[in-house]
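Notes follow the structure.
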Amino acid sequence: MKNGVGVPQNIVLFGGTSEIGQAVVSALLQPGVARLTLVARDLDGSATFGDSIEGDTEVEIVRFDAADHSSMAAVVEEVSANGRDIDVAVIAHGVLAEGTDYYADPSAVHGLLAVNMTATAALLYALAARMRVQGYGRIILLSSVAGVRVRKGNPVYGASKAAVDSLALAVDHELEGTGVSILVVRPGFVVSKMTTGMKKAPFSSTPEAVAQIVARAVNSGTTIVYAPTVLRWVFGIFRLLPQAVWRRLPLG
Ligand SMILES: NC(=O)c1ccc[n+]([C@@H]2O[C@H](COP(=O)([O-])OP(=O)(O)OC[C@H]3O[C@@H](n4cnc5c(N)ncnc54)[C@H](OP(=O)(O)O)[C@@H]3O)[C@@H](O)[C@H]2O)c1
């Protein structure tokens, strides 16, 4: 529950070692945030981040496997044990699997889709169900411009983001009037460990820059933000281009 001055009491980060996720929670942390729960498979990496947090916020670490959709309801139950509400949940786990040859190994689609799509969808519903009972809550979903118009190069990643992005928008619509809402964040290329070794795309940004945009939007009624914001216009045009024009653009 938010305290008397509107500060969320409990923030939960799914993907506790995500560079963007950590930047987002760092931007949201302020005096009065009682607890930050880092949900991750890398407990040591999460603890290192937890130790860096200054102030009175209590840090808790919970293990999860973001490929296991069937465990998501139990994970949400664990982070909200003892009647503890979840005020803000940041969903930041994800895999890019750049360079995977899906033609050589079509079954490799499963690993990426399990994390980015199936488990994320199950987590969205598990969080929404819990927050509906509370009567409030904000879910921040790290989507991507890659899902706005899926390009060649990494179509499986783009399709996974398109799926969770549209699911989140429709669930947010269903949640209208419940006090629960979803903020869909669509970053472009962000310099993080996910993109290590890749050539920067135009309008590339940093986890901290994404976090500032999220922090400004979290307490508003906004449903979709782009990072950087100029990508709203770039992808607004991209999504309308005829397929023949889109295919001629020099996008990898
Ligand atoms: N970087 C970009 O250019 C960019 C652009 C647009 C959108 N995004 C999206 O933003 C989100 C965060 O990305 P990032 O840049 O912060 O990447 P990151 O630093 O590589 O973080 C990815 C996170 O996903 C976790 N993860 C992956 N598979 C997992 C599994 N099976 N179980 C548990 N955790 C798992 C990683 O855990 P480990 O540390 O244990 O591997 C890590 O915490 C992702 O959803 C990504 O798709 C990124």
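This note's numbering numbers the first residue of the sequence shown as -14 and each following residue consecutively.
For glycine and all other residues, C-beta sits at the position ideal for the given N, C-alpha and C.
(1) Under DSSP, the alpha helix (DSSP H) around Tyr110 begins and ends at which residues?
(2) Which class does Ala89 belong to by DSSP, given the choice of helix, strand or coil?
(3) Any chance the stretch 29 to 40 sits against the stretch 189 to 204, with 3 or more Cβ pairs inside 8 Å?
(4) Near Leu14, what residues of its chain come up, given a Cβ to Cβ distance below 8 Å and the 5 sequence neighbours on each side ignored?
(5) Does the beta carbon of Glu83 fall short of 7 Å from some heavy atom of ligand 1?
(6) Near Val156, which residues of its chain fall below 8 Å by C-beta distance, leaving aside the five closest residues on each side in sequence?
(7) Under 8 Å, with one C-beta from each stretch per pair, do the stretch 87 to 100 and the stretch 128 to 138 reach the 3-pair mark?
(8) Name the DSSP bridge partner or partners of Leu238?
(9) Val47 and Val79 - do their beta-carbons sit closer together than 8 Å?
(10) Hey, quick one: how far does the beta strand (DSSP E) through Glu63 stretch, first residue to last?
(11) Closer than 7 Å: is that where the CB of Asp29 sits relative to any heavy atom of ligand 1?
(12) Decide if the stretch 69 to 76 is in contact with the stretch -1 to 13; the criterion is three or more beta carbon pairs, one per stretch, under 8 Å apart.
According to the structure shown:
(1) 105 to 119
(2) coil
(3) no
(4) So the list reads Ile(-4), Leu21, Ile38, Gly40, Thr42, once near-sequence residues are dropped.
(5) no
(6) Leu109, Tyr110, Ala113, Ile167
(7) no
(8) The displayed coordinates of the chain run from -14 to 237. Any statement about residue 238 would go beyond what the structure contains.
(9) Going by the sequence as given, residue 79 is Gly instead of Val. Not closer than 8 Å, so no.
(10) Note, Glu63: premise wrong, no beta strand (DSSP E); alpha helix (DSSP H) at 57 to 64.
(11) no
(12) yes
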